[in-house]
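Heads up: the structure comes next, in structure tokens.
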Amino acid sequence: MIDRAAAVALDAADPLAAFRDRFHIPDAGVIYLDGNSLGMPPKRTLERLTEVYEKDWATDLIRSWDHWVDLPQRVGNALAPLIGAAPGEVVLHDNTTLNVYQAVHGAIALRPDRRVIAISPDDFPTDRYVVDGIAAATGHTVRHGFDRLDDVAVMVRSVIDYRTAALVDVASETARAHAAGAMVVWDLSHAAGAIEIDLRKCGAQLAIGCTYKYLNGGPGAPAWTFVARELHDTIRQPIWGWFATKDQFAMGPTFQPRADIARMMLGTPSILALVAAECGISLSAEAGMAAIQAKGRKLTQLAIELCDQFGFTTPTPRDPAQRGNHVAIEHSDAKAVVRELSARNVIFDFREPNIVRAGCSPLTTRFVDVFDGVSAIAQAR
Ligand SMILES: Cc1ncc(COP(=O)(O)O)c(C=O)c1O
């Protein structure tokens, strides 16, 4: 029997506990288990936004573009070690949806003899919709599932399932796809800043993800694209914008893709959003992905044990090495429960058809939040 005192004791022993003070907590009573949809705001973000507003924008005006222009790559370099990318392999830009679109187009152009795009029918909607849209425009066939990889140009796949938190073995699935001649676009939206992942070691060549979840980059924070260096000369993306061209300010007559990661960019990036993303990413870097993953596993372990205690079923894997940092709690009245608890300042996500999703964000979620949150679901019935 786990009681609240046990959760309090886990918080007292938590090496990452102090990080919570680096975030703005709106109300001491809030129980926030939705950092996997929108991470909490780092206090430093507000200071940095004010600095950039006052000094760069309001004082230096357009001269600030001298150091703003490569900010997408610089923040990409700050993110790179958190996902096992090398410097120069990651750029922050636009949103995940757009980045999936570009990466899938880039991949199918590298496999012109193949006609299939493979994706799970259970993957996050935007990934599926983008794939369907590309197939409708190019004449590719969409295949649901990854058992057969014949004729597959690219497999598009989330590393962590947005509903169950099941974690895919990125290394072995990348190797299997590459052996079959297919490219892979990995979606790390629920993995970046949540678990340790080494894209290079896994042999991954293309990946994308957002920064507004575990990386605490802010609402609508720019997403990112990873392209392994060996593809920098050859990958072609479909939207030819001036930030991706060689010698951008020469204003030349035709688009000449840059030979580096910036060839994935489009137009003028949102500097304030990049500054905010940089603050969130730097907190994860400071804490270290090993410590973040270790705490994430303990938080989700507690959530699963509480599910057992209160008689909830969960499709989330019980092996910590096979799950991300959220737990899906099945409830016949999940939607109403999430709404009712939110009104009482206990914040979860609802996911169709019957899931209360408990996001455990290691820099801000306390063990006691998990205890109080899952207890509140049990009391809400
Ligand atoms: C796996 C995955 N891909 C993509 C997205 C969202 O895409 P976007 O950032 O373009 O809204 C989400 C959002 O939760 C997601 O979980």
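Mapping of the sequence shown onto this note's numbering: residues 274 to 654, in sequence order. Positions of the beta carbon are idealized from the N, C-alpha and C atoms, including for glycine. All values reported here derive from a predicted model rather than from experimental measurement.
Could you compute how far the alpha carbon of residue i sits from the alpha carbon of residue j?
i, j, result
"G349", "W459", "17 Å"
"Y326", "I554", "20 Å"
"D339", "T518", "17 Å"
"F585", "H378", "42 Å"
"R293", "V281", "15 Å"
"T370", "F419", "21 Å"
"K608", "A455", "39 Å"
"L488", "E320", "18 Å"
"Y435", "L614", "21 Å"
"H413", "F522", "37 Å"
"L422", "L504", "22 Å"
"P593", "T587", "14 Å"
"I275", "Q652", "16 Å"
"D329", "C483", "26 Å"
"R536", "L344", "14 Å"
"F640", "L283", "6 Å"
"A291", "M562", "16 Å"
"P542", "G493", "13 Å"
For residue i versus residue j, is the C-beta distance shorter than 8 Å?
i, j, result
"R430", "S462", "no"
"L479", "G357", "no"
"V610", "I650", "yes"
"G312", "K568", "no"
"I407", "G597", "no"
"I381", "T411", "yes"
"I512", "L539", "yes"
"P495", "A546", "yes"
"L306", "F621", "yes"
"A256", "L322", "Residue 256 is absent from the model: the chain starts at 274 and stops at 654."
"H366", "T498", "yes"
"V441", "A450", "no"
"P315", "R295", "yes"
"C552", "T318", "yes"
"S557", "L289", "no"
"A477", "T447", "yes"
"L579", "V643", "yes"
My understanding is that residue i touches residue j, with C-beta atoms under 8 Å, so please give their C-beta distance in whole angstroms.
i, j, result
"V363", "A353", "5 Å"
"A444", "T589", "No, A444 and T589 are not in contact; Cβ-Cβ is about 22 Å, not under 8 Å."
"R387", "D424", "5 Å"
"I304", "N618", "7 Å"
"M428", "A391", "4 Å"
"N225", "I481", "Since the displayed the chain opens at 274 and closes at 654, residue 225 lies outside it and no answer follows."
"Q405", "V389", "Strictly speaking, residue 405 in this sequence is Asp, with Gln absent from that position. Going by Cβ atoms, the distance from D405 to V389 rounds to 13 Å, so no, they are not a contact pair."
"G361", "I534", "6 Å"
"A564", "I602", "Contact flag wrong, Cβ pair sits at about 26 Å."
Which ranges does the alpha helix (DSSP H) cover as unbroken runs of at least 4 residues, wholly within the segment 317-377, from first to last along the chain? 338-341 and 344-356
Please give me, in chain order, every unbroken run of the alpha helix (DSSP H) with length at least 4 that falls completely inside the segment 459-542. none
Does the segment 629-638 come within contact of the segment 562-579, defined as at least 3 CB pairs closer than 8 Å? As far as the Cβ criterion goes, the segment 629-638 touches the segment 562-579, which means the pair count is three or higher.
What are the uninterrupted segments assigned as alpha helix (DSSP H) that are 4 or more residues long and contained completely in the segment 372-441, given in chain order? 398-411, all fully within the segment 372-441.
Alpha helix (DSSP H) runs wholly inside the segment 566-625, at least 4 long, in chain order: 607-616
Which parts of the segment 283-315 are runs of the alpha helix (DSSP H), unbroken and 4 residues or longer, counting only runs that do not cross its ends? none
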